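Number of protein chains: 2
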Amino acid sequence: MRKYDTEAHFLTKEYQAYLQSRKEVPREEMYKGFLRLWFDQGVWEPHAARLEEKLLDLGDGRIRDMDESGIDVQILSLTAPGCEQFSADVGTEQARKANDVLAQAVRRYPGRFIGLAALAPQNPTEAAKELERCVKELGFKGAKINSHVGLDYLDEEKYWPIFEVAEKLDVPIHLHPVTPHPTMLGLYAKYGFALSGPVLGFGAETALHALRLIFSGLFDRYPRLKIILGHLGEGLVFWIWRIDFTVRKPWIDEEVKPRIKKAPSQYIRDNFVVTTSGMFATPAFMSVLHEIGADRIMFAVDYPYESNEEAVRWLEQVPIPDIDKERVAHVTADRLLKLG
Amino acid sequence: MRKYDTEAHFLTKEYQAYLQSRKEVPREEMYKGFLRLWFDQGVWEPHAARLEEKLLDLGDGRIRDMDESGIDVQILSLTAPGCEQFSADVGTEQARKANDVLAQAVRRYPGRFIGLAALAPQNPTEAAKELERCVKELGFKGAKINSHVGLDYLDEEKYWPIFEVAEKLDVPIHLHPVTPHPTMLGLYAKYGFALSGPVLGFGAETALHALRLIFSGLFDRYPRLKIILGHLGEGLVFWIWRIDFTVRKPWIDEEVKPRIKKAPSQYIRDNFVVTTSGMFATPAFMSVLHEIGADRIMFAVDYPYESNEEAVRWLEQVPIPDIDKERVAHVTADRLLKLG
Numbered sequence: 001m002r003k004y005d006t007e008a009h010f011l012t013k014e015y016q017a018y019l020q021s022r023k024e025v026p027r028e029e030m031y032k033g034f035l036r037l038w039f040d041q042g043v044w045e046p047h048a049a050r051l052e053e054k055l056l057d058l059g060d061g062r063i064r065d066m067d068e069s070g071i072d073v074q075i076l077s078l079t080a081p082g083c084e085q086f087s088a089d090v091g092t093e094q095a096r097k098a099n100d101v102l103a104q105a106v107r108r109y110p111g112r113f114i115g116l117a118a119l120a121p122q123n124p125t126e127a128a129k130e131l132e133r134c135v136k137e138l139g140f141k142g143a144k145i146n147s148h149v150g151l152d153y154l155d156e157e158k159y160w161p162i163f164e165v166a167e168k169l170d171v172p173i174h175l176h177p178v179t180p181h182p183t184m185l186g187l188y189a190k191y192g193f194a195l196s197g198p199v200l201g202f203g204a205e206t207a208l209h210a211l212r213l214i215f216s217g218l219f220d221r222y223p224r225l226k227i228i229l230g231h232l233g234e235g236l237v238f239w240i241w242r243i244d245f246t247v248r249k250p251w252i253d254e255e256v257k258p259r260i261k262k263a264p265s266q267y268i269r270d271n272f273v274v275t276t277s278g279m280f281a282t283p284a285f286m287s288v289l290h291e292i293g294a295d296r297i298m299f300a301v302d303y304p305y306e307s308n309e310e311a312v313r314w315l316e317q318v319p320i321p322d323i324d325k326e327r328v329a330h331v332t333a334d335r336l337l338k339l340g
Numbered sequence: 001m002r003k004y005d006t007e008a009h010f011l012t013k014e015y016q017a018y019l020q021s022r023k024e025v026p027r028e029e030m031y032k033g034f035l036r037l038w039f040d041q042g043v044w045e046p047h048a049a050r051l052e053e054k055l056l057d058l059g060d061g062r063i064r065d066m067d068e069s070g071i072d073v074q075i076l077s078l079t080a081p082g083c084e085q086f087s088a089d090v091g092t093e094q095a096r097k098a099n100d101v102l103a104q105a106v107r108r109y110p111g112r113f114i115g116l117a118a119l120a121p122q123n124p125t126e127a128a129k130e131l132e133r134c135v136k137e138l139g140f141k142g143a144k145i146n147s148h149v150g151l152d153y154l155d156e157e158k159y160w161p162i163f164e165v166a167e168k169l170d171v172p173i174h175l176h177p178v179t180p181h182p183t184m185l186g187l188y189a190k191y192g193f194a195l196s197g198p199v200l201g202f203g204a205e206t207a208l209h210a211l212r213l214i215f216s217g218l219f220d221r222y223p224r225l226k227i228i229l230g231h232l233g234e235g236l237v238f239w240i241w242r243i244d245f246t247v248r249k250p251w252i253d254e255e256v257k258p259r260i261k262k263a264p265s266q267y268i269r270d271n272f273v274v275t276t277s278g279m280f281a282t283p284a285f286m287s288v289l290h291e292i293g294a295d296r297i298m299f300a301v302d303y304p305y306e307s308n309e310e311a312v313r314w315l316e317q318v319p320i321p322d323i324d325k326e327r328v329a330h331v332t333a334d335r336l337l338k339l340g
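Taken in order, these protein sequences are the chains called V and D. Oh and the first sequence: position 325 is 325 in our numbering, straight run, nothing missing. Oh and the second sequence: position 192 is 192 in our numbering, straight run, nothing missing.
Written out as structure tokens, the structure reads:
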């Protein structure tokens, strides 16, 4: 059974150096909490030297790790925090450079590495162009956006040129978690990276963002647009029944109904695909499978943050029919990313 | 099979009049978004006149609704937003008056109505005393707190006298959703009550609050304390595996580990019981059942916000063994609330 890690991360030396230089004081002041969490309590701790090394390795070491656990393909993207929090110019430049580095690695390991573009949506026109360049010239299969862009979510129409290009080129956008929006970060930050990061904050941030996209009418404008959500859908699928149940009620307000044509769950089913990254939990997986089906779920490790071996061991024993396991392991990704 | 609605709501004329008078300008300015959402887009719309009538009915009409769907018992509490956002004096007074009204109803319909106390935790000493009065003098079986208290969460130690009394009297606290904390409300409010309320905001608010309680060490201080969460655990159980998985990591920060003695999931299993209120969704229910078991799940409708009939119909067909269905329908509540 072919197995793809549809959510694998890398880092470039140059991007890392830029992050660490923290040059842009005004924006970074705004993101002090954000940067503090990411740098001091995230991947950059002494514990994490090995993690950093693995993020920087786009060569044989990475391939060896994949081979050891039987991962055939990695769908690669620049690790969070990405380029979304820099000034538009710096972000655009950093994204382009990271994409060029990734393109080299993809060329060196054909069939093993698939690229998703880094983008700096704070300049929507340039980000849309960069997405087009990455797909048409570099052979990438989509893009990843790390949730909020400065203080905005992507339901603001000024960002929609990016989605327009994604739909036109028929490539998905992975909406990836990042430290919660600065407005709410303080409520999570009291218990550090644990609460604000993978334990709850990442999911809260990304589920909110995804629902804002749905409620904005984005998918009525771009009905063939596909969004990837990691972590078994960031909790959104857990709420799928209640979302419809609530929006159907006569007393629900009118901010949402005039904007959307279908039941919210229908957008989740039509426009979203979820990955298993960092959620090797069978009860949660089964609930997602029963709600949206294996055609909308892709296996992912979240390499190198999570272990290939643990992820593969989980996938192999998950109690679903082989035909569905094949879908999760690679068939859904083959179709979505046109890898066939 | 006996069936209890473990999360049913009521309203008193006096509390309603006070809410509508909006006397306390300074605090209410702070809560403008909160009040706007609750009043103008919540239960007070023209659509909702029937809802209001049902909330106010603590008599035969309510009993008739229960009988029609075979609900034997309602565990009753003052509807959100509760008394948590008023000044300490007004909140304390309003809570006491609402509790006295509820006590009369409980006396009039013995065995049909069970009371949970309304509290105003903004005066923790008085709230602890009121809880003691409600349990010892009025025969209530616990209390309900509507999430944040002004700008605080209850992980602040100044509120812990309330939990101390709850543990001493061996009665649970229902941690109920309310419109998200004012700090984050703006991010949800763009799409009105839909996004900020039952669709996502309520769960995001309450899951955050519950995890803050766990991470604060509250349950190491009061190991027998029991917290009830509605809506199948407000999403927290969906994340239960990932919470442990993350907190176990060597690179996770040190804000959490020194405060807690056990794996976070162990607190969820030892100190929480969840209800099915407003979540009549079998896949989500099954995932919660598989994680925490029927001994930690109680049937609830969320009356009158949700339909008794729909809730009962769902319970009757949910594909679990009869012995587990009995647990969910009433046995877990009998044990937790000592109704046997």
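All residues carry an ideal CB built from backbone N, CA and C; glycine is no exception. Predicted model, so just to flag it, every value in this text is computed and none were measured.
At least 9 Å separates the CB of E157 of chain D from every CB of chain V.
Within the segment 184 to 196 of chain D, the residues whose Cβ lies closer than 8 Å to any Cβ of chain V are, in chain order, M184, G186, L187, Y188, K190, Y191, G192, F193, A194, L195.
Between the C-alpha atoms of E306 of chain V and W314 of chain D there is a straight-line separation of about 38 Å. Note that the C-beta distance between K3 of chain V and G61 of chain V is not below 9 Å. Residue contact check for W160 of chain V against chain D: no CB pair falls below 9 Å. If you look at L187 of chain D, you'll find it in the alpha helix (DSSP H) that goes 182 to 189.
Residue range 4 to 10 is occupied by the beta strand (DSSP E) that includes D5 of chain D. Beta-bridge annotation (DSSP): D155 of chain V is not paired with any residue. The alpha carbon of A8 of chain D has as its nearest neighbour, out of D:L336, D:L102, D:M184, D:N123, the alpha carbon of D:L102. Of the residues D:L51, D:S21, D:E68, the one whose Cα lies closest to the Cα of A311 of chain D is D:E68. When Cβ-Cβ separations below 9 Å define contact, T246 of chain V makes contact with chain D. Within 10 angstroms of the beta-carbon of L154 of chain D lie 16 or more other beta-carbons, which makes it buried. Contact check for A128 of chain V and P161 of chain V: beta-carbon distance about 4 Å, within the 8 Å limit, so the pair qualifies. Within 10 angstroms of the beta-carbon of K338 of chain V lie fewer than 16 other beta-carbons, which makes it exposed. Per DSSP, the continuous alpha helix (DSSP H) segment holding K168 of chain D begins and ends at 160 to 169. In this structure the segment 292 to 307 of chain D lies against the segment 315 to 335 of chain D, because at least three pairs of beta carbons, one per stretch, are closer than 8 Å. Across the segment 255 to 269 of chain V, CB contacts with chain D closer than 9 Å involve E255, V256, K257, R259, P264, in sequence order along the chain. Between L187 of chain D and M184 of chain V, the C-beta spacing is below 9 Å. For the pair K144 of chain D and S77 of chain D, the CB atoms are nearer than the 9 Å cut-off.
Under the three-pair Cβ rule at 8 Å, the segment 242 to 261 of chain V does not count as touching the segment 189 to 207 of chain V.
Taking the Cβ atoms as the reference, Q85 of chain D lies roughly 7 Å from G150 of chain D, within the contact range of under 8 Å.
With a cutoff of 9 Å on beta-carbon distance, V273 of chain V and P172 of chain V are scored as near each other.
For S77 of chain D, DSSP records a beta bridge to D:H9. Taking a C-beta distance under 9 Å as the contact criterion, F238 of chain V and A284 of chain V qualify as a contact pair. The beta carbon of E309 of chain D does not come within 9 Å of any beta carbon belonging to chain V, so the residue lies off that interface.
With a threshold of 9 Å between beta carbons, T282 of chain V makes contact with chain D. When Cβ-Cβ separations below 9 Å define contact, P124 of chain V makes no contact with chain D.
Remark: C-beta atoms of L175 of chain V and T79 of chain V do not approach each other more closely than 9 Å. Boundaries of the alpha helix (DSSP H) harbouring V247 of chain V: 240 to 247, taken from the DSSP string. If you check each beta-carbon in the segment 279 to 304 of chain D against every beta-carbon of chain V, the ones closer than 7 Å belong to M279, A281, P283, A284, M286, S287, H290, E291. Looking at the backbone, the Cα of D100 of chain D and that of F219 of chain D are separated by about 30 Å.
G59 of chain V is classed as exposed because its beta carbon has fewer than 16 other beta carbons within 10 Å across all chains shown.
In the structure shown, the three-state DSSP call for K257 of chain V is helix. Sequence-distant partners of E126 of chain V (beyond 5 residues in either direction) whose C-beta falls short of 6 Å from its own C-beta, in its chain, are T92. Comparing alpha carbon positions, the residue from D:W241, D:A281, D:Q122, D:G217 closest to P319 of chain D is D:A281. Look at H148 of chain V here: in three-state DSSP terms it is coil, with no helix or strand label.
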